[in-house]
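In what follows, a structure is listed as structure tokens, so that the remarks can point back to it.
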DNA sequence: TAAACGTGGGT
DNA sequence: TACCCAAGTTT
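Numbering (my numbering), first residue to last: 7 to 330.
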């Protein structure tokens, strides 16, 4: 074993956070659930979703046996709902077959990309493959003090991989990125890889890797609350944005208000504006006008009975505080 | 390849 | 306030 590998594994042995799957043995399915839930999601947030979802679905067959809407109900608030839709598709597609054990076979499944395929095959099945996530990319970029392409990062990760215990190695390097080699103010003094790192020899190790710089677009939108005794008008959303979740009538753009009212045959004079809300997506900043009217003879739904996105929950919370 | 896709926490 | 970013994938 090389010195850098020994140093990191030794550090990991005493500094690994006590995550559930490190404390006790869990199934490959539960590893897969964790990897998907943790995509772009913080550990502290993801853990409670993982506990909830693994408990309800100890295996893929039990997931496929219930409606997608049930999964989305457990997923609500976690974001990136395509993950849940793809996970459900995966469970259905699997049928009675066991989970594939290699990276290449896992890669064929919906919602499984290069990171997750390598993470699951190495952690759950011991395959010697290096996974590259944001942590690994950052650690390796700094070790080399270079702006690397994806391919170059993967090559470096493959070379560094400790093939005797690939799952443990992958977790160790991610753990380092997550707790020591952080995006800002990295704790180089505590880093087991410092003797091997080029970035730490510079005044600005946080310079690597380059940041993404995606600018949020500002958009206007209107939401309409149609309220009655039985609840609110809620519809199941379709498409990629919050698809599969339910939500209030919502429209973006200049003529959103007029279009919304026309499409629902609502008269102008029965409408009141109860407030403005802002809600951020990663790619856009939404300024929402919240309109209220009373239901004549619409089909009403209790918001507690259906999966909702945080955006809709915020709007409903405003309405409920207004009503009380 | 770049943009779309949620949400919440940190600075 | 504004911006960054988190165990990424899809198109």
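All C-beta atoms in this analysis are idealised placements derived from N, C-alpha and C, irrespective of residue type, glycine included.
Judged by DSSP in its simplified three-state form, residue 56 adopts helix.
DSSP places residue 298 within a strand segment (E or B) once states are collapsed to three.
Residue 83 sits exposed, since fewer than 16 C-beta atoms from the chains shown fall within 10 Å of its C-beta. Excluding its 5 nearest sequence neighbours in each direction, residue 276 has C-beta neighbours in its own chain below 8 Å: 299, 300, listed in chain order. Excluding five sequence positions before and after residue 149, the CB atoms of its chain that fall closer than 8 Å to its own CB belong to 162, 199, 202, 203, 204, 205, given in chain order.
In this structure, residue 100 places its C-beta atom within 8 Å of the C-beta atom of residue 66. The region 137 to 197 contains, as complete alpha helix (DSSP H) runs of 4+ residues, the segments 140 to 150, 156 to 166, 172 to 185 (chain order). The three-state reading of DSSP puts residue 94 in helix, counting H, G and I together. When the Cα atoms are used, residue 20 and residue 166 turn out to be separated by approximately 20 Å. The region 164 to 184 and the region 243 to 263 do not touch, with fewer than 3 CB-CB distances between them shorter than 8 Å. Here DSSP, grouped into helix, strand and coil, assigns residue 252 to strand.
Looking from the CA of residue 312, the closest CA among 120, 69, 80, 8 belongs to 80.
The beta carbon of residue 160 is closer than 6 Å to those of 138 in its chain, skipping five residues each way along the sequence.
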